[in-house]
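Chemist: One structure, pasted below without further comment.
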Amino acid sequence: MIELKGLSKHYQLSGDTLVKAVDNVNLAIKPGEFMMIVGRSGSGKTTLLSLIGGLTKPTSGTVNIDGVDIWGLNDATQSRFRAETIGFVFQIPSLLPTLSVLDNVKLPTMFSKGHDNVGERALSLLEMVGLPEKAHAYPSQLSVGQQKRVALARSLINEPDVVLADEPTSDLDKATENEIMTLIKKVHDDGPRTMVMVTHNLDLVSYATEVRTMANGVLDEGTRK
Ligand SMILES: Nc1ncnc2c1ncn2[C@@H]1O[C@H](COP(=O)(O)OP(=O)(O)O)[C@@H](O)[C@H]1O
Ligand SMILES: [Mg+2]
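Residue numbers in the sequence shown follow my numbering, run continuously in steps of one, and reach 1307 at the last position.
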C-alpha cells in the first residue's frame, strides 16, 4: 500500500516566485493496482514520482510505503529500502553508455542485498522484454524503443513490489508504444506488482486499473475511468 498525505514540493525561485510543483496530494494506491496519472507537461508528474520514489525530498507531507514512512528513514536505510522495494523506469532510459546491456540490467543489484544468479536473472529479464540477443551490445547500438525495454528489464532486477514509470512511451511511434505498454501491463500482471505510471498521453488510460489527472501540481479526487 502506498499512501501519500498532504504531499507537497514547492520550489522557491529567485524573487518572489514560488513554484508549487506538487501541492497537497493525498492518494492511496492499493497493492497490485495499476495507477495511471495523466497530466500535461509541467503539471508535476515527474516531481510526484520522485517524491514517491525517495529521489526528491518533500517540502511537506508524507510518503508511506508498506507501512514505512520513507522520508523518516536515514539516508542509508532509505537507499536500501528504495533499491529493494521500488523499480524505476525513467523517462530518458539513462543507461550507462560504457556498460553492456546485460551489465546495465544488473546494475541496481549493487545497491541491494545480494541476489543469487544475478546474471541468469538479468538474461531472463532481457528475454522477457524480447532482447536476449542484445545482452552484449552497448546502449548506443539500440533504438530508443529497445533502450526503453532494457530500462524496463533493469527496473525489475531487484524484484520490486512497486514499479514507478515516468512517460515510458514518450518519443516512440504508435507501434512501439503499444509494444511497450503490453510489456508494462505484463510486468504489472505477473507480479502482481503495484504500477504507478505517469503520462501526458490520454490514449493509454485503458491499461490502468485507476486513473487520476494532475494539473498545476494538484491531483483530482475522483476516478476518470
Ligand atoms: N528542480 C526544480 N526547480 C525548480 N522548478 C522545478 C524543478 N523541478 C520541476 N520544477 C517545476 O515544477 C513544475 C512541475 O515539473 P515536472 O514535475 O517536471 O512536471 P511534468 O513531469 O508533469 O512535466 C514545472 O513548473 C517545473 O518547471
Ligand atoms: Mg515529466
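For each residue, glycine too, the CB sits at the ideal point set by N, CA and C.
By the 10 Å Cβ neighbour count, where 16 or more other Cβ atoms means buried, how is residue 1307 classified, buried or exposed?
Modeler: Position 225 of the sequence shown, counting from 1, holds the residue named residue 1307. The pLDDT assigned to residue 1307 is 49, lower than 50, so where the model puts this residue is not dependable; a value taken from the coordinates is nonetheless given after this. With fewer than 16 Cβ atoms within 10 Å of its Cβ, residue 1307 is classed as exposed.
Chemist: Return the first residue and the last residue of the beta strand (DSSP E) that residue 1270 is part of.
Modeler: Position 188 of the sequence shown, counted from the start, is the residue given in the question as residue 1270. Counting along the chain, residue 1270 falls outside any beta strand (DSSP E), though it belongs to the alpha helix (DSSP H) covering 1256-1272.
Chemist: Where does residue 1122 sit, in a helix, a strand or coil, going by DSSP?
Modeler: Against the sequence shown, residue 1122 aligns to sequence position 40. Residue 1122 falls in the coil class under three-state DSSP.
Chemist: Can you tell which of 1298, 1302, 1294 and 1172 has its C-alpha closest to the C-alpha of residue 1116?
Modeler: As a working note, residue 1116 is residue 34 in the sequence shown. Comparing Cα-Cα distances from residue 1116 to each of 1298, 1302, 1294 and 1172, the minimum goes to 1294.
Chemist: According to DSSP, is residue 1308 part of a helix, a strand, or is it coil?
Modeler: A query on residue 1308 cannot be resolved here, the shown segment of the chain reaching from 1083 to 1307 and no further.
Chemist: Let's test the definition: count the other Cβ atoms within 10 Å of the Cβ of residue 1094 and tell me whether it reaches 16, buried, or not, exposed.
Modeler: For the purposes of this step, residue 1094 is taken as residue 12 along the sequence shown, with counting starting at 1. So residue 1094 counts as exposed.
Chemist: Which of helix, strand or coil does DSSP assign to residue 1307?
Modeler: Within the sequence shown, residue 1307 is the residue found at index 225, counting from 1. In this prediction, residue 1307 scores a pLDDT of 49, lower than 50, which makes its location untrustworthy; no coordinate-derived value is stated.
Chemist: Compute the Euclidean distance between the alpha carbons of residue 1302 and residue 1282, then round it to the nearest angstrom.
Modeler: Taking the first residue of the sequence shown as position 1, residue 1302 is located at position 220. Taking the first residue of the sequence shown as position 1, residue 1282 is located at position 200. One C-alpha to the other measures close to 15 Å.
Chemist: Taking the alpha-carbon positions, what's the residue 1183 to residue 1200 distance?
Modeler: Within the sequence shown, residue 1183 is the residue found at index 101, counting from 1. Within the sequence shown, residue 1200 is the residue found at index 118, counting from 1. Computed Cα separation, rounded: 14 Å.
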